[in-house]
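Okay, so here's the structure we're looking at.
Residue numbers (this note's numbering), protein chains in the order written: chain B, 21 to 155; chain C, 21 to 155; chain H, 26 to 104; chain F, 26 to 104.
What follows is the structure, encoded as structure tokens:
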């Protein structure tokens, strides 16, 4: 289940959704807003999404992970809107019987989300300017 | 910082200890008690440790991770005593500027802890018997 | 042909709106982008953009039909 | 020589105690283990065990001294 969220992510609730009596391993990733990027001092940022397509592509990535790896549950939430330094921007959680699959699937999901889900980051710098990142 | 704990692990508190304005990525692993192992139905388990040596070896592993990977913080807690199905047995958390180092260090720590820290698992089976695992 | 055009990120800033209705004679996505680019002064060459029609990624070769919702997506930066 | 011996997991069960003081003439860890094995009926061959002295891993070749705290560690299974 993939979600876009315009408010604080409830990581504890998401983690509970990963629980399963057969789950021996759970790997989570969280991406947070750093105070610097590419040598510039960052003040904050805002994410903009193409909601319908981001949702569909996010779900597709989670489905791919479930097919490719021997996992039990997978969840991903990506924030949209304004975020401050230290705020959670994206969270991925995977449960599996064993840790190999949990690590591999978690890594797959965050890599694919960053590469494919239509979300854009606008960084605000401490110098006062801001700009879209279009790598 | 490595810890042995004879009570429930406060994951939220540990996660807060990983926070840092330069931390863009945080990867966590948790190992939980599964309802089956090696084809047998598990009822619960108990961990026994050699506390002084487990503590020293755990700290050594975290130090190695900090030297080998470009990470900011690393924490690991391992439970001792009786645990039920679904209980958290071991938790690893790593923060870093970037996700490559966070994933690699988290994986390194759990692999080394399982291989080197003197802790033993006694599994209780639903048939009523129990036994130490000495792989 | 009438199309609904969606804009995101720096294209939204350049267009000054998040969406607009656009009348065009062409059913070719490249020609449609060229027309909008000229109108709004977009800096992106089409090679740097992806196309989505009606909420799905598609190719630049897709033939558009009247009423399509078309988005030209600049390079993404989520995560 | 007097040694403090620590037992864990199935060795603890077999010895019936978590530690004991043991008097031995040898300063060799292999001989000490052989003596304790005979006394308690331990099933492990020494090749399957690791040795720790005074809270640190060490080798089977280490010369023991009076008062050492010695642990013979069966294969671990944490995590």
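Backbone N, C-alpha and C fix where the C-beta goes; we use that ideal spot for every residue, glycine too. Computed from a predicted structure; not experimentally measured.
Could you tell me the boundaries of the alpha helix (DSSP H) in which residue i lies?
i: residue 35 of chain C; result: 31 to 38
i: residue 78 of chain C; result: 71 to 88
Please classify residue i: does DSSP put it in a helix, a strand, or coil?
i: residue 66 of chain F; result: coil
i: residue 78 of chain H; result: strand
i: residue 52 of chain C; result: strand
i: residue 126 of chain B; result: helix
i: residue 89 of chain H; result: coil
i: residue 136 of chain C; result: helix
i: residue 120 of chain B; result: helix
i: residue 29 of chain H; result: strand
i: residue 28 of chain C; result: coil
i: residue 54 of chain F; result: helix
i: residue 45 of chain C; result: strand
Going by C-alpha distance, which of the options is nearest residue i?
i: residue 153 of chain B; options: B:141, B:39, B:85, B:147; result: B:141
i: residue 150 of chain C; options: C:64, C:109, C:41; result: C:64
i: residue 97 of chain C; options: C:40, C:113, C:135, C:53; result: C:113
i: residue 134 of chain B; options: B:148, B:109, B:143; result: B:109
i: residue 35 of chain B; options: B:74, B:66, B:115; result: B:115
i: residue 127 of chain B; options: B:73, B:86, B:37, B:42; result: B:86
i: residue 41 of chain C; options: C:91, C:107, C:105, C:81; result: C:91
i: residue 58 of chain F; options: F:101, F:95, F:100, F:104; result: F:95
i: residue 84 of chain H; options: H:90, H:91, H:75; result: H:75
List the endpoints of the continuous beta strand (DSSP E) containing residue i.
i: residue 96 of chain C; result: 91 to 99
i: residue 37 of chain H; result: Where residue 37 of chain H is concerned, there is no enclosing beta strand (DSSP E), although the alpha helix (DSSP H) it sits in stretches over 34 to 40.
i: residue 25 of chain B; result: 22 to 25
i: residue 45 of chain F; result: 44 to 48
i: residue 94 of chain H; result: 94 to 98
In the DSSP assignment, what are the bridge partners of residue i?
i: residue 151 of chain B; result: B:143
i: residue 104 of chain C; result: C:64
i: residue 115 of chain B; result: B:46, B:93
Practice prompt. May I ask you to verify whether the segment 40 to 51 of chain C touches the segment 48 to 65 of chain F, counting CB pairs closer than 8 Å and requiring at least 3?
Written response: no
Worksheet entry | Inter-stretch contact at 8 Å, needing at least 3 Cβ pairs: the segment 55 to 72 of chain B / the segment 115 to 123 of chain B | no
Worksheet item: Is there contact between the segment 90 to 105 of chain C and the segment 64 to 76 of chain F, where contact requires at least three CB pairs shorter than 8 Å?
Response: no
Item to complete: For the segment 66 to 77 of chain B and the segment 28 to 42 of chain H, state whether three or more C-beta atom pairs, one from each stretch, are separated by less than 8 Å.
Response: yes
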